[in-house]
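Heads up, the thing below is written out as structure tokens.
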Amino acid sequence: MITETPISSAPLTAKDFVTDQEVRWCPGCGDYIILAQVQRVMPLIGIPRENIVFISGIGCSSRFPYYMNTYGMHSIHGRATAIASGLKATRPELSVWIVTGDGDSLSIGGNHTIHLLRRNFDVNILLFNNQIYGLTKGQYSPTSETDKVTKSTPVGSIDHPFNPLALAMGADASFIARSMDRDPKHLQLMLMRSHQHKGSSFLEIYQNCNIFNDGAFEIFTEKNTKPDETLFLEQGKPLIFGAQQNKGIRFDGLKPVVVEIGNGYTIDDLWIHDEKDMYKAQSLIRMFDDPNQETHFPRPFGVFYETTRPCYEEMLNNQIDEVIKLKGKGNLNKLLMGRETWTIKA
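Each number in our numbering corresponds to the 1-based position in the sequence shown with 1159 added.
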């Protein structure tokens, strides 16, 4: 039976979401940080543990349900989104979280991911992106950069990598955000925003695989490079970055450009972030160029886009209720014993 309030009157803490299972990731893996932040956020969302479900596919990140003291399912490769869709359709009152990796959700599971997003189930997708297949020991993944040398591409990958947020935008996701494992406070904020959104939330999390792809996001996480290479989005505020907060993004016509504040430009000239503006969100999502290029944009982090659309499970159940009002409840025995049956002859 689903309850609206926790069984215990005592407020939950992060420890209440820790299981007795040994956490088995490689020492130094970014998954440890993400797990800790999720466990810290769960007591804040105000939902009893018995109403929370974590569903994963296959991959290093997919061990997640074992380590969360909630309901959960470690499902099959690429199908966590499909299983979560079925659960949410039948149990819409549950808080459903999907934990997946770049290989799990964008390769074998790519089809299921885009259809969940377009349908807008009220679920939360946490995509751990380490730009590698870690569990299977270091093959290139759909997000690995071109020329990536791995065990499966010994002379370099010739594939063009996915931009996960662009894929989500193309699938009409109603909430699109990005964070990283090495910024715990920002990650907590993005987890809360994902939960608060009514509809499919797509949160990409840069996660370091220190065994097979160490330092993939180092330029965005290290103290000496992070200020100039990252752009943190805040609703209603100008796009400012840099160690001295002296750089910004403005529009030159319809094209974003990097400018220096004080060198002919002021804060008033800068682009003001608006999460509701689909066209600006598309420009931000495309700030995805190689940071090794001399002229490149900083990589944005935060909520890129949020909009309101009806949720699939609500429309589905409303449709069922309308049909029952019109035709009454169905009778399974009558259906099976009716005339519309098959006769099989040897």
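Note that beta-carbon positions come from the ideal geometry of N, C-alpha and C, so glycine has one too. Since the model is a prediction, treat every value here as computed from it, not as a measurement.
Is residue i helix, strand or coil when you go by DSSP?
i	result
N1283	strand
E1163	In this prediction, E1163 has a pLDDT of 45, which is less than 50 and means its spatial position is unreliable; nothing more can be read from the coordinates.
P1457	coil
V1462	strand
G1245	helix
V1177	strand
I1431	strand
M1496	coil
M1227	strand
T1502	coil
N1490	coil
Q1478	helix
T1240	helix
P1170	coil
Q1441	helix
R1468	coil
N1270	helix
H1356	coil
Q1452	coil
K1344	helix
K1307	coil
F1202	It is Pro, not Phe, that sits at residue 1202 in the sequence shown. In the structure shown, P1202 sits in a helix (DSSP, three-state: H, G or I).
I1317	coil
D1325	Before going further, note that residue 1325 is Ala rather than Asp in the sequence given. Three-state result, A1325: helix.
S1333	coil
C1219	helix
D1263	helix
D1436	coil
According to DSSP, residue i sits in a beta bridge with which residue or residues?
i	result
S1338	I1364
Q1298	Y1292
V1197	Answer by DSSP bridge pairing: none, since V1197 is not bridged.
W1256	F1213, N1283
I1232	For the sequence presented, residue 1232 should be read as Met rather than Ile. According to DSSP, which records beta bridges pairwise, M1232 is partnered with I1214.
Y1424	I1420
Assuming residue i and residue j are in contact, meaning their beta carbons sit under 8 angstroms apart, how far apart are those beta carbons, in whole angstroms?
i	j	result
H1233	Y1225	7 angstroms
I1444	F1463	6 angstroms
L1294	C1219	5 angstroms
I1364	L1286	7 angstroms
G1374	D1387	Between D1387 and G1374 the Cβ distance is about 17 angstroms, and since that is not below 8 angstroms, they are no contact.
L1398	L1429	6 angstroms
N1369	G1187	4 angstroms
I1204	D1263	Rounded, the Cβ-Cβ distance is 24 angstroms, inconsistent with contact.
T1466	S1333	5 angstroms
R1208	T1178	That belief does not hold up - the Cβ atoms of R1208 and T1178 are roughly 11 angstroms apart, past 8 angstroms.
R1458	L1390	7 angstroms
H1354	N1283	6 angstroms
F1456	V1417	7 angstroms
R1250	H1271	Not confirmed; about 19 angstroms, so no contact.
N1476	G1189	At roughly 38 angstroms, the Cβ-Cβ gap does not stay under 8 angstroms, so N1476 and G1189 are not in contact.
P1469	S1442	About 27 angstroms; that fails the 8 angstroms criterion.
K1439	I1420	Contact flag wrong, Cβ pair sits at about 20 angstroms.
E1472	A1248	5 angstroms
V1200	M1351	6 angstroms
Does any heavy atom of the ligand HEM sit closer than 7 angstroms to the C-beta of residue i?
i	result
G1421	Of the ligands one can find in the structure shown there are none, so the ligand HEM has no counterpart to examine.
Counting Cβ pairs, one atom from each stretch, are 3 or more of them under 8 angstroms apart for the region 1353-1362 and the region 1272-1279? yes
My parser needs the alpha helix (DSSP H) runs of 4 or more residues fully inside the region 1361-1421; what are they? Taking only runs of at least 4 residues, the alpha helix (DSSP H) segments lying wholly in the region 1361-1421 are 1377-1380, 1385-1388.
Stretch-stretch touch, CB-based, cutoff 8 angstroms, three pairs: the region 1242-1259 with the region 1315-1334: no
Below 8 angstroms, can you find three or more Cβ-Cβ pairs linking the region 1246-1257 to the region 1294-1310? no
Are the region 1343-1351 and the region 1195-1207 in contact at 8 angstroms, needing three or more beta carbon pairs? yes
Using 8 angstroms as the Cβ pair cut-off and three pairs as the minimum, do the region 1394-1401 and the region 1202-1222 touch? no
Within 8 angstroms, do at least three Cβ pairs link the region 1314-1324 to the region 1286-1300? Contact holds: three or more Cβ-Cβ distances are below 8 angstroms.
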